[in-house]
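In order, the protein sequences belong to chains R and U.
If you count by the numbering used here, then the first sequence holds residues 66 to 210, one letter each, in order.
If you count by the numbering used here, then the second sequence holds residues 383 to 688, one letter each, in order.
For every residue, glycine included, the Cβ atom is placed at its ideal position computed from N, Cα and C.
Please read the structure below before turning to the comments.
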Amino acid sequence: MKDFLQPDNSAVQHGEPDIQPDRSEVRFINKIVTIILAAGMYATLGFYLIGLILLFAKGDPKPKISLQYFHSFGAFLSGIFSLNPGAFLYLGTISLILTPISRVLISIFAFWREKDKKFVFVTMVVFIFVVASVVVGMVFKINVG
Amino acid sequence: MLFGFAEIYFSMLISYILMFLIAIFAGFFGALVGIGGGIVIVPALSIIFHLPVHTAIAASIVSVIATSIAGARSYVDQQITNVRLGMFLEISTTLGALVGTLIGVMVHGWILAEIFAALILYMAVFSFRTRKTEDKMIETGIYDNGIPRDRISRSLKLAGNYHDAAMGAEVNYQATRAIEGSLISSLAGIGSGMLGIGGGVIKVAAMNSLMGIPMKVAVATSKFMIGVTASISAVVYFIAGGIDFYVVAPVALGTMLGATLGSAVMNKLHSRVIKTVFFILMLYLGYQMFAKGLSTGFNINLPGML
């Protein structure tokens, strides 16, 4: 853990062209990632703010909600249309959780566009592990809460 | 009757504002050192607001995603984050999280807690010892040329540059020890799968101390990676119905704001300041893990334990 503090002059020469990744690719990937993260952040921000404003405007006593609360997609939709604060907080949480996962998914296509095969592979492996972790987590931790 | 309602309404408003303020602090602090901030949020929610630990952990995991998104957005935009390095290390953190969930039922938690305590304390000492050399390393270009690169780092081009605002310098760097870094990062994943810690501390230390990545890049890249690991746990909690949306909303909004503020400040600070804060955090976390291991393994309770 210490030896890297000492300069090693046998290292690969500085400035060798294949050391740094392609600058335009880095910029492109960074731009895509920034856009996804910003979109997820502002969507979540919006839904949460609407939910909280509705909560205090309506003066609802705090109801306990969970996934079981909206037992169907129809119930969720009617919650949105009837301006149920819980429905908006629910939507905000979904957009929040899905943002990092969609960041991984969309990066696969971004690297694909840049013809960076190694990173298409790296990102696909990450995505597969994410999906597998969710499945395993559901099987083993089903009694959470 | 009306009075009773007003009272509930008012006390709820007050607790929302309090949660929001605490979350701003957690988000700000987390952005500076590259951690999720669950270490602040979980005890705050369970001690100050008397929420059940499960509710507090679930709310914390969701807010960790919020702070990761807000911090990562800013750092990627500032071109400090190394997205390639983050993606590469996510392989081992997500695999670690998967393994952690699987072995969680088999291995005693206290053994892992003690291993983590030892690892974190060891890294804390290293981080403290190198707090002053970081600026010198940037000046003399050690991050750029002196570090021998391994085959994986070279093949995946795990390298980059960033503008250090405090030093007023353009810093080039290349990663080294990709395999060792991956192994340590997978421990961060296992920890989050088994012990419910975000693992940002371990990721930052692995990148900075082991892989030869400048502190600020390590902080920004850790912030970027945390969201993915946390989202895995969050989906599980979400589907099991363990998330209280009424707690999550003010906390997530607060950590988002805090992380946005913190990430605007971080690059202006000298690395030695960040490293000192990081060192104190690690000492605290190492002690907590050590105490947790003793408590669950031998029923010995140390003072100051959460």
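Outcome for residue i when other beta-carbon atoms lying within 10 angstroms are tallied against a minimum of 16
i: V200 (chain R); result: exposed
i: V435 (chain U); result: exposed
i: E87 (chain R); result: Per the sequence presented here, residue 87 (chain R) reads as Asp, with Glu not at that position. D87 (chain R) comes out exposed.
i: R531 (chain U); result: buried
i: K180 (chain R); result: exposed
i: R92 (chain R); result: exposed
i: N554 (chain U); result: buried
i: F680 (chain U); result: exposed
i: R533 (chain U); result: exposed
i: G418 (chain U); result: buried
i: A122 (chain R); result: exposed
i: S89 (chain R); result: exposed
i: V610 (chain U); result: buried
i: L156 (chain R); result: buried
i: G139 (chain R); result: exposed
i: K605 (chain U); result: buried
i: F392 (chain U); result: exposed
Neighbourhood of residue i by C-beta distance below 6 Å, restricted to the same chain and skipping five residues each side
i: N683 (chain U); result: S677
i: A405 (chain U); result: V633, G636 and T637
i: A602 (chain U); result: Y457, I462 and T463
i: A673 (chain U); result: L684 and M687
i: F411 (chain U); result: none
i: Y669 (chain U); result: none
i: A661 (chain U); result: Note that residue 661 (chain U) corresponds to Phe in the displayed sequence, not to Ala. Excluding positions up to five away in sequence, the list reads A506, S509 and F510.
i: S615 (chain U); result: I443
i: A426 (chain U); result: I404
i: W492 (chain U); result: G675, T678 and G679
i: A622 (chain U); result: none
Candidates the options, of which the one nearest residue i by Cα
i: G100 (chain R); options: R:G151, R:L120, R:L142 and R:I171; result: Position check: residue 100 (chain R) holds Ile in this sequence, whereas Gly was assumed. For the residues R:G151, R:L120, R:L142 and R:I171, the minimum Cα distance to I100 (chain R) belongs to R:I171.
i: L433 (chain U); options: U:I572, U:V630, U:L592 and U:E516; result: U:V630
i: L477 (chain U); options: R:K182, R:A152, R:S198 and R:I166; result: R:S198
i: M593 (chain U); options: U:Y504, U:L565 and U:F627; result: U:L565
i: D517 (chain U); options: U:R533, U:G675, U:A557 and U:I656; result: U:I656
i: Y544 (chain U); options: U:R536, U:I534, U:Q556 and U:L538; result: U:Q556
i: E552 (chain U); options: U:A448, U:V599, U:T558 and U:S474; result: U:V599
i: G624 (chain U); options: R:A122, R:T158 and R:L114; result: R:T158
i: L154 (chain R); options: R:I118, R:F146 and R:Y113; result: R:Y113
i: S645 (chain U); options: U:V465, U:G420, U:F510 and U:D459; result: U:D459
i: M549 (chain U); options: U:M519, U:I572, U:A438 and U:G679; result: U:M519
i: G111 (chain R); options: R:P150, R:G144 and R:N95; result: R:P150
i: F627 (chain U); options: U:S393, U:E389, U:S397 and U:A441; result: U:A441
i: A479 (chain U); options: U:M401, U:L667, U:I608 and U:G573; result: U:G573
i: T475 (chain U); options: U:I493, U:K585, U:L395 and U:I595; result: U:K585
i: I497 (chain U); options: U:L569, U:Y391 and U:T642; result: U:L569
i: F402 (chain U); options: U:T611, U:S445 and U:T515; result: U:S445
i: G144 (chain R); options: R:F192, R:A104 and R:L119; result: R:L119
i: L471 (chain U); options: U:L503, U:L663, U:M671 and U:L538; result: U:L538
i: V424 (chain U); options: U:T437, U:V415, U:L414 and U:A413; result: U:T437
i: R455 (chain U); options: R:I173, R:Y107, R:R178 and R:T188; result: R:Y107
i: L117 (chain R); options: R:L148, R:K96 and R:F138; result: R:L148
i: H559 (chain U); options: U:Y398, U:S535 and U:F431; result: Sequence check: residue 559 (chain U) is Arg here, not His. It is U:S535.
i: I193 (chain R); options: U:S653, U:I390, U:L395 and U:M469; result: U:M469
i: I115 (chain R); options: R:V195, R:R168, R:I97 and R:F146; result: R:F146
i: L667 (chain U); options: U:T449, U:I396, U:I502 and U:G563; result: U:I502
i: A103 (chain R); options: U:I447, U:V422, U:S397 and U:I430; result: U:I447
i: S428 (chain U); options: U:S397, U:A641 and U:G453; result: U:S397
i: R654 (chain U); options: U:G523, U:G563, U:A413 and U:T515; result: U:T515
Bridge partner(s) assigned by DSSP for residue i
i: Y555 (chain U); result: U:G542
Beta-carbon contacts of residue i that lie in its chain and below 7 Å, excluding the five residues immediately before and after
i: L639 (chain U); result: I406 and G409
i: F508 (chain U); result: S591
Cβ-based neighbour list, residue i, same chain, cut-off 8 Å, excluding 5 preceding and 5 following
i: T658 (chain U); result: F510 and R513
i: K177 (chain R); result: In the sequence as presented, Lys is not what sits at residue 177 (chain R); that position holds Trp. Closer than 8 Å at Cβ, skipping near neighbours: V185.
i: G571 (chain U); result: S474, T475, T476, L477, G478, A479, L480, V481, G482, G581 and T611
i: I94 (chain R); result: S172, A175, F176 and E179
i: R466 (chain U); result: L538, K539, L540 and G542
Closer than 7 Å at the beta carbon, the chain C residues around residue i
i: A560 (chain U); result: The chain inventory of the structure shown lacks chain C, comprising the protein chains R and U.
By the 8 Å beta-carbon criterion, what residues does the segment 444-466 of chain U contribute toward chain R? Per Cβ criterion, the list reads V444, I447, A448, S450, I451, A452, A454, R455, V458, D459, Q461, T463, V465 and R466.
Anything in the segment 609-626 of chain U with a Cβ closer than 9 Å to a Cβ of chain R? List those residues in chain order, please. G609, V610, T611, A612, S613, I614, S615, A616, V617, V618, Y619, F620, I621, A622, G623, G624, I625 and D626
Contacting positions in the segment 471-502 of chain U - beta carbon closer than 8 Å to chain R: E472, I473, T476, L477, A479, L480, T483, L484, G486 and V487
Cβ-based contacts, 9 Å cut-off: residues of the segment 538-549 of chain U near chain R: L538, K539, L540, A541, G542 and N543
Give, in chain order, every residue of the segment 184-208 of chain R whose Cβ lies closer than 8 Å to some Cβ of chain U. F184, V187, T188, V190, V191, F194, V195, A197, S198, V199, V201, G202, M203, F205, K206, I207 and N208
Taking any Cβ of chain R, which residues in the segment 633-644 of chain U have a Cβ under 8 Å from it, in chain order? When CB distances to chain R are screened at a threshold of 8 Å, the residues of the segment 633-644 of chain U falling below it are A634, L635 and M638, in chain order.
Against chain U, which members of the segment 161-178 of chain R pass a CB distance test of less than 9 Å? L161, I162, L163, T164, P165, I166, R168, V169, S172 and F176
Mind checking the segment 650-666 of chain U against chain R and listing, in chain order, the residues whose C-beta falls within less than 7 Å of any C-beta there? none
For the segment 99-117 of chain R, enumerate the residues whose C-beta is nearer than 8 Å to any C-beta of chain U, in chain order. T99, L102, A103, G105, M106, T109, L110, Y113, L114, G116 and L117
For the segment 393-415 of chain U, which residues have a beta carbon sitting closer than 9 Å to at least one beta carbon of chain R? Taking a C-beta cut-off of 9 Å against chain R, the contacting residues of the segment 393-415 of chain U are M394, L395 and Y398, listed in chain order.
Closer than 7 Å, Cβ to Cβ, to anything on chain U: give me those residues from the segment 135-161 of chain R, in chain order. G151, L154, Y155, G157, T158 and L161
Chain R contacts made by the segment 591-608 of chain U, where a contact means CB separation under 7 Å: S591, L592 and G594
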